[in-house]
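Numbering (the numbering used here), first residue to last: 1 to 330.
Written out as structure tokens, the structure is:
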């Protein structure tokens, strides 16, 4: 499987014949182009049009992040799998409120069930989360009653708020208290981890969408408006609990992330470079981790699960098979 390359250093990304290399003051590091699916660029990196033309031919995506670790955009090569038929089907299922609501409901159900499974996992390990579990289940039962996507977004937000209230019990570390969800900027260390992790997941899903016939600009739970991409936000909701949140719990529990991995900036708390590298290392490891897929009867990686989720949505849109979200089992 092709891999993601993460660049934190300043330098220049260049092409030499049929390969790539990254050049810094310390020298050159060659990158076998056939092994790369995308680059995540955190440093100040120079490149030119000749390189972009080469990356387009090789179908390699560039994702850019600013100094603070916020995603700022992607170089998304010319779509090579997009089909007019699929775009029409995506649009049809967005414009028709009933069709849109059906997909959006499934996304919220998948996200909620995965949150519940995280909570149940820790209940089985002695954490006092029964009230959180019961509250989420009560809200979950209201999903089918939602008459439009606005109501559904409200329920989804309430479920996630209740879920987050269980974080302090799960983590049990005074250095990582939750308090409440805050963004741009995060107001404490735990929120900084959540924001960075979610951002990484959004970008990952965007990259996987590129490898399907789907258009990332047309989502169903999140409103398609002036925002560049929405479908990646939809699919990421399903996987946040089992990828991002589980990574966070593991990093804190194993003391791999400590208060030294953060800095005050932009009026809030952000991961410093060491903290970002530590998170990304575990993020990349998680994506490569394989689990036994019940229906397929074989092991698949978490990255592959995301691609399979997109394929399931494609089948729903063309009327081949009803979409049901991935739900984890431990």
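C-beta atoms are modelled at their ideal positions from N, C-alpha and C, and glycine is treated no differently. Keep in mind it's a predicted model, so treat the numbers as computed, not measured.
Pick out whichever of 219, 210 and 121 has its Cα sitting closest to the Cα of residue 149. 219
Does at least one heavy atom of the ligand FAD sit under 7 Å from the Cβ of residue 88? This structure does not include the ligand FAD; it has no bound ligands of any sort.
Could you tell me if residue 197 is buried or exposed, where buried requires 16 or more neighbouring beta carbons within 10 angstroms of its beta carbon? buried
Scan the region 239 to 267 and note each continuous alpha helix (DSSP H) run of 4 residues or more that stays entirely inside, going in chain order. 246 to 253
Starting from residue 5, follow the beta strand (DSSP E) in both directions and report where the run begins and ends. 3 to 7
What residues match up with residue 30 in a beta bridge as DSSP calls it? 21
Per DSSP, which one or two residues make a beta bridge with residue 63? 40 and 74
What does a CB cutoff of less than 7 Å around residue 129 pick up in its chain, not counting 5 residues either side in sequence? 119, 122, 123, 166 and 169
Would you kindly work out how many angstroms separate the C-alpha atoms of residue 322 and residue 99, rounded to a whole number? 11 Å
Relative to the alpha-carbon of residue 127, which residue among 140, 183 and 171 has its alpha-carbon at the smallest distance? 171
Spatial neighbours of residue 18 in its chain, beta-carbon cut-off 8 Å, leaving aside the 5 residues before and after: 33
Roughly how many whole angstroms lie between the Cα atoms of residue 326 and residue 262? 33 Å
I need the boundaries of the alpha helix (DSSP H) containing residue 139, first residue and last residue. 130 to 140
Do residue 31 and residue 20 count as a contact pair if the criterion is CB distance below 8 Å? yes
Enclosing beta strand (DSSP E) for residue 300 [first to last residue]: 298 to 301
When you compare the region 134 to 144 with the region 102 to 119, are there three or more beta-carbon pairs, one atom per stretch, that lie closer than 8 Å? yes
Judging by CA-CA distance, which residue of 96, 314 and 69 is the nearest neighbour of residue 209? 314
State whether the region 258 to 272 contacts the region 238 to 245, with contact taken as three or more CB pairs (one from each stretch) at a distance under 8 Å. no
According to DSSP, which residues form a beta bridge with residue 290? 301
Whose C-beta lies closer than 7 Å to the C-beta of residue 234 among residues of the same chain, with five residues either side of it excluded? 107, 219, 220, 221 and 222
Can you tell me which of 63, 181, 177 and 3 puts its alpha carbon nearest to the alpha carbon of residue 159? 181
Bounding residues of the alpha helix (DSSP H) (the contiguous stretch that carries residue 110): 97 to 123
In this structure, does DSSP put residue 46 in helix, strand or coil? strand
Nearest candidate by alpha-carbon position, reference residue 275, set 256, 173 and 4: 256
What is the C-beta distance between residue 22 and residue 41, in whole angstroms, given that I count them as a contact (C-beta under 8 Å)? That belief does not hold up - the Cβ atoms of residue 22 and residue 41 are roughly 10 Å apart, past 8 Å.
Put residue 126 into one of helix, strand or coil per three-state DSSP. coil
Alpha-carbon to alpha-carbon, residue 175 and residue 258: 8 Å
Excluding the 5 residues flanking residue 288 on each side, which residues of the same chain have their C-beta closer than 6 Å to its C-beta? 301
Cα-Cα separation, residue 136 to residue 152: 14 Å
At 3 residues or longer, what runs of the beta strand (DSSP E) sit wholly inside the region 133 to 199? none
Three-state secondary structure assigned by DSSP to residue 306: helix
Run through the DSSP bridge pairs and tell me what residue 319 is partnered with. Looking at the DSSP assignment, residue 319 forms no beta bridge with any residue, so it has no partner.
Where residue 207 falls, given that 16 or more other Cβ within 10 Å makes a residue buried: buried
Assigned exposure category for residue 115 - 16 Cβ within 10 Å defines buried: buried
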